[in-house]
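Yeah, the first sequence ends on 976 if you go by my numbering, and it's all consecutive.
Note that beta-carbon positions come from the ideal geometry of N, C-alpha and C, so glycine has one too.
To start, the structure under review is shown below, and the notes come after it.
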Amino acid sequence: MSTQQASADAIVDVRYRMRHSAAHVMAEAVIKLFPEAQIAIGPPTDDGFYYDFEVSRPFTPEDLKKIEKLMRETIKADRPFSGVSIDRDAALERFSEQKFKVELITDLPDDEEITVWSHQSWEDLCAGRHADSTGKIGAFKLLSVAGAYWRGDENREMLQRIYGTAWESQEELDAYLERIEEAERRDHRRLGRELDLFFFDPIAPASPFFLPKGTIVLNELVDYVKQLYVKYGYQEVTTPQIFNTDLWKQSGHYDNYLENMYMMDVDDREFGVKPMNCPAHAVLYAANTHSYRELPIRYADFGRLHRYERSGVTHGLMRVRTFSQDDAHIFATLDQIAQEVNSFIAMLDEAYAVLGFEKIRMALSLRPEKRVGTEEMWDRAEAALTEVMESTGREYGAEEGEGAFYGPKIDFFVPDALGREWQLGTVQLDFSLPERFDLQYAAEDGSLQRPVVIHRAMLGSLERFLGVLIEHTAGALPIWLSPVQATLIPIADRHIPFGEEVVQKLRAAGVRAEVDTGSDRMGAKIRAAQVQKIPYMLVVGDREQEAGKVAVRERSGGDLGAMDVDEFVTRVAEEINTRA
RNA sequence: GCCAACGUAGCUCAGGGGUAGAGCAGCUGUUUCGUAAACAGCAGGUCACAGGUUCAAAUCCUGUCGUUGGCUCCA
């Protein structure tokens, strides 16, 4: 282990202990104020801590202030932490008034050591790792109250969770709070409005309306994906939006996904709006006979999907009720799985590199308890995916039991501005769909064989992808995705005709450009363009007009000086075409 | 779906039982300006929706819808 790594781990450990200790001190304060409170658990988190309580009424902001005050007293008193091991009966006795602790103790395995950690004025059932004393807790702040189910089970008690954050020093705490504020400035919902990309209206809850500018971005993304599809051998198809429920019964969605579907009765028959493309692609495949020579067949579909999501789970563009994906289904032989997944990951890497996504987490999800298919199929499929993952030479997590019931999968996660992870890409093997739709191909020996289906999406939901992209770039999208790529800023009205000429040249070269003809001063026009994150601002005044040039300013603030109009047109068109 | 908070002009927000406010954006006029905000005027709201209390409700109460932060879910 490197020295650098060791010191990073040390910081993580110090923070873990400090935050874990802060949780204890907070519980002590809550019990002082609410003696009847039932306490649940209070662990440290990535940047803070929380503790769950069952109380007669929800906490108010005033309560948080009082709790903070009591916590400061305990921290100031600098009470030492110590842990002791006790036996089960003693533990049950000691926490007999605390039903959640009793439940925890009862559920601990027989050979598990039971410890109690105390900082003198308070003690808690706890596995430990604490600061030496309460004085080591540093700068902290209570952030919010939220409901949380006991043991994460929606059928159990709803508890009140208090979230807090704690850092070694006030400076660190301030820096953390500043990071949160910066993340809020990057919030895609806020930028989506400011940049005129999209908005939401209660008339269609959790369903975005894309304005012309937002639609340009989506279309550019799709155009790019289609370009990759040519290179990687995909065929685009177009399928219906609404299907008779016979399809959903055959695919299994009627039994397993009905609560997420929009259903309707027409002509005394029941129809469902598609939440996924796969059944339609199975119908497409089954419409013809297929030879092994044709495989793999890759059907791509940008069709719009609708999924009813429970109220309370939707979030801006990240989780919506209607969206489209760069979805495709690959019909292949078992032997082709590895190469197909490999090829998909190569394409995904290519796209993510172009889009500037670096922090990707990959997770391999393996067979769940409830599943279809034979053990041999699962063995082969998991082996194929594992082999592919290993061959990438990159880190990935293998998660037992997290696979879909129809096959194992690899998911690709990218964080948003606040560090919350969203699944974008996915590649999933499916043994169920080919069975349900009796899909076949003629093998080399003339026998009829069952293909495997690979579900895969690279960007995933285009809406979610755009949301993450906006947060990553703080709205300064790469030039090829920018709705307006260059804006002409005439210094006085007499320069507008020249500006229009330049814009015509830019547009002829495929550049999205416009003239700011308003009566604002140049400074205000520049500011407006900066706020809109337009990549290039082209100032034209007497000097430029006379010389047939434009004064080029980049949104980064860089001044490239005066350039010949043709030179700039060539340069910017090149930049756009290469997706630089 | 659950817990909580919030919903006032296009946006960001103030007001909090007695005739609806600001900034920005918009429109009009003046200004024609050299790299992040010229000046003036005008217009803009069933205070989410529906009930209730009251002489009087944006304000208090109830419900509904929506949004936000969590939880659960995420084939």
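In three-state DSSP terms, what is residue i?
i       : result
Lys-805 : strand
Glu-705 : coil
His-686 : coil
Ile-741 : helix
Ala-888 : coil
Leu-539 : strand
Ala-905 : coil
Ala-958 : strand
Gly-548 : helix
Phe-667 : strand
Ile-756 : coil
Gly-919 : helix
Leu-844 : strand
Gly-789 : coil
Tyr-837 : strand
Met-397 : Note that Met-397 scores 49 on pLDDT, short of 50, meaning its location in the model is unreliable and no value can be drawn from it.
Tyr-681 : helix
Arg-557 : strand
Ile-875 : helix
Met-422 : helix
Pro-675 : helix
Counting only the same chain and skipping the five closest in sequence on each side, list residues whose C-beta sits under 7 Å from that of residue i.
i       : result
Met-397 : Below a pLDDT of 50, predicted positions are generally treated as unreliable, and Met-397, at 49, falls in that range; the measurement from the model is reported next regardless. There are no such residues.
Tyr-837 : His-686, Ser-687, Tyr-688, Leu-691, Gln-845 and Pro-847
Val-768 : Phe-801, Tyr-802, Phe-827 and Ser-828
Val-480 : Thr-511 and Val-512
Ala-872 : Lys-929 and Arg-951
Ala-853 : Gln-721, Asp-722, Asp-723, Gly-821 and Thr-822
Asp-960 : Gly-944 and Lys-945
Lys-537 : Gly-560, Thr-561 and Leu-569
Can you give me the C-alpha to C-alpha distance between residue i and residue j, rounded to a whole angstrom?
i       : j       : result
Asn-738 : Val-784 : 6 Å
Tyr-698 : Asn-973 : Contrary to the premise, residue 698 reads as Phe rather than Tyr in this sequence. Rounded to whole angstroms, Phe-698 to Asn-973 spans 23 Å at the Cα level.
Val-864 : Arg-547 : 30 Å
Glu-577 : Arg-557 : 22 Å
Pro-517 : Ala-404 : Looking at the sequence itself, residue 517 is Ser, so the reference to Pro does not match. Roughly 32 Å separates the two Cα atoms.
Leu-591 : Arg-453 : 42 Å
Val-367 : Asp-619 : Lying before the first or after the last residue shown, residue 367 is absent from the chain, which here runs from 397 to 976.
Glu-942 : Arg-951 : 25 Å
Thr-782 : Leu-760 : 8 Å
Phe-477 : Met-657 : 53 Å
Pro-874 : Val-621 : 16 Å
Ala-749 : Ile-806 : 19 Å
His-702 : Leu-713 : 14 Å
Arg-967 : Gly-954 : 16 Å
Glu-553 : Tyr-572 : 32 Å
Pro-457 : Ala-909 : 50 Å
Ala-527 : Ala-406 : 13 Å
Leu-593 : Glu-655 : 31 Å
Glu-796 : Val-899 : 57 Å
Arg-816 : Glu-940 : 48 Å
Glu-772 : Thr-502 : 40 Å
Among residues of its own chain, excluding the 5 on either side of residue i, which ones have a beta-carbon nearer than 8 Å to its beta-carbon?
i       : result
Phe-861 : Leu-617, Leu-820 and Leu-855
Asp-912 : Thr-883, Leu-884, Ile-885, Pro-886, Lys-921, Ala-924 and Ala-925
Val-421 : Met-467, Thr-470, Ile-471, His-515, Trp-518, Thr-530 and Ile-533
Arg-903 : Ala-909
Ala-436 : Tyr-447, Asp-448, Phe-449, Glu-450, Phe-496, Trp-546 and Leu-555
Got a sec? Which residues, its chain only, sit under 6 Å from residue i by beta carbon, not counting five neighbours each side?
i       : result
Ser-857 : Phe-719 and Gln-721
Leu-956 : Val-948
Ala-794 : Leu-760
Ala-870 : Arg-582
Thr-710 : Ala-602
Met-660 : Phe-667
Ala-676 : Thr-635
Examine the ligand COA and report whether any of its heavy atoms sits within less than 6 Å of the Cβ of residue i.
i       : result
Phe-455 : Looking at this structure, you won't find the ligand COA or any other ligand, since it has none at all.
On the three-pair Cβ rule with 8 Å, is the region 717 to 733 touching the region 689 to 696? A contact exists between the region 717 to 733 and the region 689 to 696.
Between the region 895 to 911 and the region 933 to 949, do at least 3 Cβ pairs fall closer than 8 Å? Yes, the region 895 to 911 touches the region 933 to 949.
Do the region 861 to 881 and the region 912 to 921 make contact, defined as three or more Cβ pairs closer than 8 Å? The region 861 to 881, when compared against the region 912 to 921, does not touch it at the 8 Å Cβ threshold.
Evaluate contact between the region 817 to 831 and the region 656 to 673, counting only Cβ atoms and requiring at least three cross-stretch pairs below 8 Å. The region 817 to 831 is not in contact with the region 656 to 673.
Which runs of the alpha helix (DSSP H), 4 residues or longer, sit entirely within the region 481 to 537? Runs of the alpha helix (DSSP H) inside the region 481 to 537: 484 to 490 and 495 to 503.
Start-end ranges of the alpha helix (DSSP H) lying completely within the region 425 to 467, minimum 4 residues: Runs of the alpha helix (DSSP H) spanning 4 or more residues and lying entirely within the region 425 to 467 do not occur at all.
4 or more residues per run - each alpha helix (DSSP H) lying fully within the region 923 to 974: Annotation note: the region 923 to 974 contains the following uninterrupted alpha helix (DSSP H) runs of length 4 or greater, listed N- to C-terminal: 938 to 943 and 961 to 973.
Contact between the region 631 to 648 and the region 607 to 617: three or more CB pairs below 8 Å? Too few Cβ pairs lie closer than 8 Å, so no.
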